[in-house]
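A short worksheet on the structure shown next.
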Amino acid sequence: MGFLDGLLGHGSDLKPGEVDEQISGILVEGEPVRVAFRVIRDLFVFTDRRLILVDRQGLTGRKVEYLTVPYRAITSFSVETAGSFDLDSELKIWVSGRPEPIQRTLRRGANVLGIQQAIAASLK
1 MGFLDGLLGH GSDLKPGEVD EQISGILVEG EPVRVAFRVI RDLFVFTDRR LILVDRQGLT
61 GRKVEYLTVP YRAITSFSVE TAGSFDLDSE LKIWVSGRPE PIQRTLRRGA NVLGIQQAIA
121 ASLK
């Protein structure tokens with residue numbers, strides 16, 4: 001996880017302390033947040049054990065889906081960057097045991113490369 005530690009302060013949008021209060025109750029004891037990215041209202045949280053995708057839903061954002069993906073379950077991933085006319089980027093993560101990839105749309109300005117680097121560094 002040395003590379004993930006190196007991303008802190010450079011590629012992350014949030015510091016680990018800021019994320020802790022937003023995902024309190026989700027982390028287990030002794031599970032530190034390494035890198036976290038905010039994409040509009042959603043979060044991509046990389047711990048030393050797993051990727052946690054936090055999807056805030058509805059107008060108020062009170063309804064929240066927490067999707068946990070252990071790094072060992074990630075079989076592949078792709079990132080499609082935004083083009084001249086396409087304003088959104090797209091992230092797809094294939095997980096063993098799921099026929100369809102997990103897909104997230106990333107708005108222009110999201111740290112697509114930082115997210116891609118964090119996933120790549122997590123896969124060993």
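Under the numbering used here, think of the first position of the sequence shown as 1, with each following residue one higher.
In this text, a Cβ means the ideal position worked out from N, Cα and C, and glycines have one as well.
Is it right to say V39 is buried, meaning 16 or more other beta carbons lie within 10 angstroms of its own, or is it exposed? buried
Rounded to a whole number of angstroms, what is the C-alpha to C-alpha distance between I74 and E21? 26 Å
Going by the DSSP bridge assignment, what does A110 pair with across the sheet? In the DSSP output, where bridge partners are listed per residue, A110 has none listed.
Determine the DSSP secondary structure at S142, reduced to helix, strand or coil. Residue numbering for the chain in the displayed model covers 1 to 124; residue 142 lies beyond these limits and cannot be assessed.
How far does the beta strand (DSSP E) with E65 in it reach, from first residue to last? 63-70
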